[in-house]
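Protein chains in written order, with this note's numbering: chain A, 29 to 295; chain B, 29 to 295.
C-beta atoms are modelled at their ideal positions from N, C-alpha and C, and glycine is treated no differently.
Number of protein chains: 2
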Amino acid sequence: MLSVIKIGGGAGINQRAALSDIADAVARGEHVVVLHGCSDATDRLAADLGQPVRHVVSTAGVRSRYTNAEALRTFMMAALRVNAEIVRTLQNQGVNALGLSGLDGGLLRGPRKEALRIVEDGRQRIIRDDFTGRVERVNTALLHLLLEQGYVPVIAPLALADSGEAVNVDGDRAAAIVASALLAETLVILSNVPGLLADMHNECTLVTALSAAEISQYETLSAGGMRRKLIGAREALCGGVRRVVLADGRVEHPLQSALAGRGTVIA
Amino acid sequence: MLSVIKIGGGAGINQRAALSDIADAVARGEHVVVLHGCSDATDRLAADLGQPVRHVVSTAGVRSRYTNAEALRTFMMAALRVNAEIVRTLQNQGVNALGLSGLDGGLLRGPRKEALRIVEDGRQRIIRDDFTGRVERVNTALLHLLLEQGYVPVIAPLALADSGEAVNVDGDRAAAIVASALLAETLVILSNVPGLLADMHNECTLVTALSAAEISQYETLSAGGMRRKLIGAREALCGGVRRVVLADGRVEHPLQSALAGRGTVIA
Numbered sequence: 029m030l031s032v033i034k035i036g037g038g039a040g041i042n043q044r045a046a047l048s049d050i051a052d053a054v055a056r057g058e059h060v061v062v063l064h065g066c067s068d069a070t071d072r073l074a075a076d077l078g079q080p081v082r083h084v085v086s087t088a089g090v091r092s093r094y095t096n097a098e099a100l101r102t103f104m105m106a107a108l109r110v111n112a113e114i115v116r117t118l119q120n121q122g123v124n125a126l127g128l129s130g131l132d133g134g135l136l137r138g139p140r141k142e143a144l145r146i147v148e149d150g151r152q153r154i155i156r157d158d159f160t161g162r163v164e165r166v167n168t169a170l171l172h173l174l175l176e177q178g179y180v181p182v183i184a185p186l187a188l189a190d191s192g193e194a195v196n197v198d199g200d201r202a203a204a205i206v207a208s209a210l211l212a213e214t215l216v217i218l219s220n221v222p223g224l225l226a227d228m229h230n231e232c233t234l235v236t237a238l239s240a241a242e243i244s245q246y247e248t249l250s251a252g253g254m255r256r257k258l259i260g261a262r263e264a265l266c267g268g269v270r271r272v273v274l275a276d277g278r279v280e281h282p283l284q285s286a287l288a289g290r291g292t293v294i295a
Numbered sequence: 029m030l031s032v033i034k035i036g037g038g039a040g041i042n043q044r045a046a047l048s049d050i051a052d053a054v055a056r057g058e059h060v061v062v063l064h065g066c067s068d069a070t071d072r073l074a075a076d077l078g079q080p081v082r083h084v085v086s087t088a089g090v091r092s093r094y095t096n097a098e099a100l101r102t103f104m105m106a107a108l109r110v111n112a113e114i115v116r117t118l119q120n121q122g123v124n125a126l127g128l129s130g131l132d133g134g135l136l137r138g139p140r141k142e143a144l145r146i147v148e149d150g151r152q153r154i155i156r157d158d159f160t161g162r163v164e165r166v167n168t169a170l171l172h173l174l175l176e177q178g179y180v181p182v183i184a185p186l187a188l189a190d191s192g193e194a195v196n197v198d199g200d201r202a203a204a205i206v207a208s209a210l211l212a213e214t215l216v217i218l219s220n221v222p223g224l225l226a227d228m229h230n231e232c233t234l235v236t237a238l239s240a241a242e243i244s245q246y247e248t249l250s251a252g253g254m255r256r257k258l259i260g261a262r263e264a265l266c267g268g269v270r271r272v273v274l275a276d277g278r279v280e281h282p283l284q285s286a287l288a289g290r291g292t293v294i295a
C-alpha cells in the first residue's frame, strides 16, 4: 500500500510528530512518499534577509505567494533546507529518506505561469516576473526506482519549468499530482487546521466526510490554502487515488490520526 | 569510463563552462559524478544575513571554515541552492542530473569532528560547537543505481554524521572518497588556480606531473585549499583511482582541458 503524505509548511505544524508517525508506518512495511511545504521557513528567511514577503490574489480569488527572482532564491533556500532537515530527522529514525526537488531527474515538470492576472486595490493587473508554475508531469520511474530499493522520497515544492527556470509550485497540488501519478491508495494533507471547516472561523464546524462530487460546493466558499487543498483533492480522486484525508498537523500523532479517519475524509 | 568531477565553489570559477563540458562528456556516453563546493555562495549569503564569516587554523596548519550552528544553516542553504542551480543548468542542456547531499539515502557518512584543536593568536584552544565532519563511508549502491539509469548525480558537500547531525565536509576530500569508492578512472578537481604551484604566488610555476609518491613533499608546503586537494589526491590514488588532475576552473573549457592533461596530473 502506498501513501503520499504532504506535511504543511505553516507555523504550528508538529513536524517532528508527523515524521515519527511516518517512521512507524515505514517500519510496518508501508510505502510512503513525502512532500512538504515551507511557507513559515520562507517567511522567516525573508525577514532575516530584510526582504518583504508579498502575496497576490488571482482574479479567481486564490491568494498565493508572489515570487520574483529574489523571492525565488529565498524560497529555494528555505525549501531545500526544510527538505534536508526532514531527511536528516527520518534518517535518524531508521528511515532511508532521500530528498529531491522537482528539478532532480526532472521529477516535477510543467509550465511556468508566464503572466499572472491579479487583483490589487480592486483593479486587475498582470505580473510577468513571477516564478511560479504548475506541475503537469511526474517522473514516476524515478520514484518507483527509489521505492523499490527501500528509499523514502521526500519532495520539495519546486518544479523545473518547461521554459527552463526553477519555479515555486503549490505543495498541496504537487502532492495531489504525485499521488495520482503513482496511483496511491491514500493522500494525506496535514496542515494547521483540523480539515475542511464549514465555517472557516470555527474549528467545531469540521466536515468529516465528503464525496468527490461534493467538493465543488465547498471550493468557492474556501479561501487560499483550503481552496487549493480541495482542488488538489479533486484532482487526486479523478486521477485514481482512493481516499484523500485533510487532517490536523498540529496534534500528537498527526498521520496516525489521519489514517484512522480523523479530519475530512474525501472518497 | 567513470569520471568524478569536483567543481570548486570559489570566486572566479567558470561554472557554466564546466557544466557545458560535462554535458558534452555525458553526450559522448561517459559516466560522470559531479561534486561541488559553495564557499563563495556561502560567504555572500552570510554577508546578506549580516553574519560574520570565520575561519580557523588547525594545529596541523590547515585553514578551514568555522561552522557553528548558525553558520551550518547558512552553509546548508548556500550548498543546496548551488546544487539545485547546477542540476537545473545541466537539465537544460539535456543531462538528467539529480542533486543529492550526503544526507540523502545516507550517501556520505562519517564522524563529526567533536573537538577541533585550533591555533588562535599563537595559542591552542579547543572548539566544540563546530559542525564539520569527515566522510568515511559512501552509499555506492545508490550512485550505481542512479548511474545505471542514466542519471548524473550532483553531490553537495554535506554529510550525515554518525552522531546524527548534518555536517559541513571538505568537498575535495569528499570527491576523493567518492572517486575511490566508485573506483573512478579519473578524478578532476577544478579550482581557481591552474593546479599545484611550486611557488603559490606565481602561476608560472605549475607542477605539470607528479607521482603519488611525490605528493607528500608538496603537502606540507601548501596552504589551505591546495593542501586538502593533495591529501584528497593521495587518498584517491591509494583507493584505486587511476589519475587525479588538479586543473584550472576559470578557463573556457575547464573539463576538456583537464582531461587533456592541462593542470597537475597525478598518477
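Does residue i come within less than 8 Å of chain B when only Cβ atoms are used?
{"i": "N196(A)", "result": "no"}
{"i": "M29(A)", "result": "no"}
{"i": "G133(A)", "result": "yes"}
{"i": "A112(A)", "result": "yes"}
{"i": "D76(A)", "result": "yes"}
Contact criterion: CB-CB distance below 8 Å. Does residue i meet it with respect to chain E?
{"i": "G192(B)", "result": "Checking the listed chains, one finds no chain E in this structure; the protein chains it contains are A and B."}
For residue i, count the other beta carbons within 10 Å of its own beta carbon; 16 or more makes it buried, fewer makes it exposed. Which is it?
{"i": "D132(A)", "result": "buried"}
{"i": "E231(B)", "result": "exposed"}
{"i": "E164(B)", "result": "exposed"}
{"i": "A55(A)", "result": "exposed"}
{"i": "Q245(A)", "result": "exposed"}
{"i": "L211(A)", "result": "exposed"}
{"i": "A184(A)", "result": "buried"}
{"i": "H229(B)", "result": "exposed"}
{"i": "A169(A)", "result": "exposed"}
{"i": "A237(A)", "result": "exposed"}
{"i": "P80(A)", "result": "exposed"}
{"i": "G122(A)", "result": "exposed"}
{"i": "G57(A)", "result": "exposed"}
{"i": "R82(B)", "result": "exposed"}
Alpha carbon to alpha carbon, what distance is there between residue j and residue i?
{"i": "A202(A)", "j": "G130(A)", "result": "9 Å"}
{"i": "A189(A)", "j": "G40(A)", "result": "31 Å"}
{"i": "G253(A)", "j": "G199(A)", "result": "10 Å"}
{"i": "E98(B)", "j": "V32(A)", "result": "32 Å"}
{"i": "L47(B)", "j": "Q119(B)", "result": "10 Å"}
{"i": "V110(B)", "j": "S239(A)", "result": "44 Å"}
{"i": "V62(A)", "j": "K34(A)", "result": "6 Å"}
{"i": "S67(B)", "j": "L186(A)", "result": "24 Å"}
{"i": "G161(B)", "j": "R162(A)", "result": "39 Å"}
{"i": "L234(B)", "j": "Y94(B)", "result": "30 Å"}
{"i": "A261(B)", "j": "Q43(A)", "result": "42 Å"}
{"i": "E280(B)", "j": "R278(A)", "result": "53 Å"}
{"i": "V141(B)", "j": "F159(B)", "result": "The residue asked about is misnamed: residue 141(B) is Lys in this sequence, not Val. Taking the straight line from one Cα to the other gives about 7 Å."}
{"i": "R290(B)", "j": "S191(B)", "result": "41 Å"}
{"i": "G24(A)", "j": "E247(B)", "result": "It is not possible to answer for residue 24(A), since the shown part of chain A is limited to 29 through 295."}
{"i": "R101(B)", "j": "A241(A)", "result": "45 Å"}
{"i": "D227(B)", "j": "P139(B)", "result": "34 Å"}
{"i": "D49(B)", "j": "G178(A)", "result": "34 Å"}
{"i": "T292(A)", "j": "A69(A)", "result": "26 Å"}
{"i": "M105(A)", "j": "A45(B)", "result": "24 Å"}
{"i": "L274(B)", "j": "L258(B)", "result": "9 Å"}
{"i": "G38(A)", "j": "V166(A)", "result": "25 Å"}
Counting only C-beta atoms, is residue i closer than 8 Å to chain A at any point?
{"i": "R109(B)", "result": "yes"}
{"i": "D227(B)", "result": "no"}
{"i": "N96(B)", "result": "no"}
{"i": "S129(B)", "result": "yes"}
{"i": "V147(B)", "result": "no"}
{"i": "M254(B)", "result": "no"}
{"i": "V115(B)", "result": "yes"}
{"i": "A207(B)", "result": "no"}
{"i": "N120(B)", "result": "yes"}
{"i": "Q43(B)", "result": "no"}
Tell me, to the nearest whole angstrom, how far the beta carbon of residue i is from that of residue j; I am working on the premise that it is less than 8 Å.
{"i": "R91(B)", "j": "A251(B)", "result": "7 Å"}
{"i": "L30(B)", "j": "E263(B)", "result": "Contact doesn't hold; Cβ gap of about 17 Å is too wide."}
{"i": "A53(B)", "j": "L283(B)", "result": "7 Å"}
{"i": "A194(B)", "j": "A112(A)", "result": "7 Å"}
{"i": "I114(A)", "j": "V182(A)", "result": "5 Å"}
{"i": "D157(A)", "j": "N96(A)", "result": "5 Å"}
{"i": "L218(B)", "j": "A286(B)", "result": "7 Å"}
Decide if the region 72-85 of chain B is in contact with the region 141-152 of chain A; the criterion is three or more beta carbon pairs, one per stretch, under 8 Å apart. no
Are the region 134-149 of chain B and the region 77-97 of chain B touching by the rule of at least three beta carbon pairs closer than 8 Å? yes
Is it the case that the region 170-179 of chain A contacts the region 119-127 of chain A, given that we only count it when at least three CB pairs across the two stretches are under 8 Å? yes
Determine, using beta-carbon pairs with one atom in the region 257-268 of chain B and one in the region 204-224 of chain B, whether at least three such pairs fall under 8 Å. yes
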